[in-house]
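Just so you know, the sequence shown maps onto residues 27 to 249 in our numbering. Beta carbons: idealized from backbone N, C-alpha and C, even for Gly. Just so it is clear, the structure is predicted and the values come from calculations on it, not from any experiment. Below is one structure; the comments refer to it alone.
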Amino acid sequence: MLDTFRQDLAGIRDRDPAARSALEMVLTYPGLHALWSHRIAHWLWTKKVPILPRLISHLSRWITGIEIHPGATIGKGLFIDHGMGVVIGETARIGDNVTMYQGVTLGGTGKEKGKRHPTIGNNVVLAAGSKVLGPIFIGDNAKLGAGAVVIHPVPTNCTAVGVPARVVACNGSRVDPGSDLHHEALPDPIMETLRCYGERIEKLERLLERKPEKLESLVLETK
């Protein structure tokens, strides 16, 4: 567990430009406090200790604003930045070196039994306010845009944005870990669709300017 704690610190140091020292991270990072509290609660949960794991989770939520069920499985190097409002469900599984921002939810979709929460791969970025619902898989190196509502699996090395989320980019290679924080540059499928409509309208207007008789025939047809 101590080795895991060290890797958690290293993950923050690598991905947070505001991190200045290990002491500062240990004392002032709520995401780290919630993560370490969870690791203790999860160990007790696996040993089938009654009540105490849930009490630790509840106290951590009260202090940090981050709710992690003690049954969730979390890999090494998770970085929860800011963290307020993050919710991670009981059967969620999170891989290594995942970056998660405030307002993220790894939730279920109803009253199903068994595996009912998402599985997140390695090196995934979940931007602020993204919601991943149901027992779906988010592939390694994937990116979820801010506010995305993800109800379908996202393949490896792909980017999904929108409500409901749609895959808008797949680069076919590993995401550069040096650029994994640039989720402000994700494509916007709605704006792309509007841009295509605008280009088509401009072409039609130019055509009608050159051939006004086409407009007259169209008007007559509509009558």
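Residue span of the beta strand (DSSP E) that contains residue i, given as start and end
i      : result
Val194 : Arg192 to Cys196
Ala186 : Cys184 to Val187
Gly133 : Thr131 to Gly133
Val158 : Lys157 to Leu159
Nearest to residue i (by Cα), restricted to the options the options
i      : options                          : result
Leu170 : Leu132, Lys141, Trp69 and Gly140 : Leu132
Asp40  : Glu116, Pro181 and Asp107        : Asp107
Ala191 : Asn183, Pro179 and Asn197        : Pro179
Gly121 : Cys222, Leu152, His59 and Ile89  : Leu152
Ile100 : Trp62, Ile77 and Ala36           : Trp62
Gly57  : Met217, His95, Ser86 and Cys196  : Ser86
Pro181 : Cys196, Ala172 and Val187        : Cys196
His64  : Leu53, Pro79 and Val187          : Pro79
Spatial distance of residue i from residue j (CA atoms)
i      : j      : result
Ile92  : Ile114 : 8 Å
Ala154 : Lys74  : 33 Å
Pro43  : Tyr127 : 15 Å
His95  : Val194 : 31 Å
Ile216 : Glu225 : 14 Å
Beta carbon of residue i nearer than 9 Å to that of residue j
i      : j      : result
Ala98  : Thr117 : yes
Ala168 : Thr145 : no
Thr90  : Ala60  : yes
Cutoff 7 Å; reference residue i; Cβ partners in own chain excluding five residues on either side
i     : result
Ala45 : Ile38, Arg39 and Met51
Boundaries (first-last residue) of the alpha helix (DSSP H) holding residue i
i     : result
Thr54 : Ala48 to Thr54
Gly37 : Leu28 to Arg41
Leu78 : Leu78 to Thr90
Cut-off 8 Å between Cβ atoms - residues of its own chain near residue i, not counting five sequence neighbours on either side
i      : result
Lys141 : Thr117 and Pro161
Leu159 : Thr131, Gly133, Gly134, Thr135, Pro144, Val175, Val176 and Ile177
Asn148 : Gly101, Gly121, Asp122, Asn123, Val124, Asp166 and Asn167
Contact set for residue i: own chain, Cβ-Cβ below 6 Å, skip 5 residues either direction
i      : result
Val130 : Val112, Leu152 and Ser156
Val150 : Val124, Ile164 and Ala168
Gly173 : Gly155
Contact test: residue i Cβ vs the ligand NAD heavy atom, cutoff 8 Å
i      : result
Ile100 : As for the ligand NAD, it is missing from this structure, which has no ligand bound.
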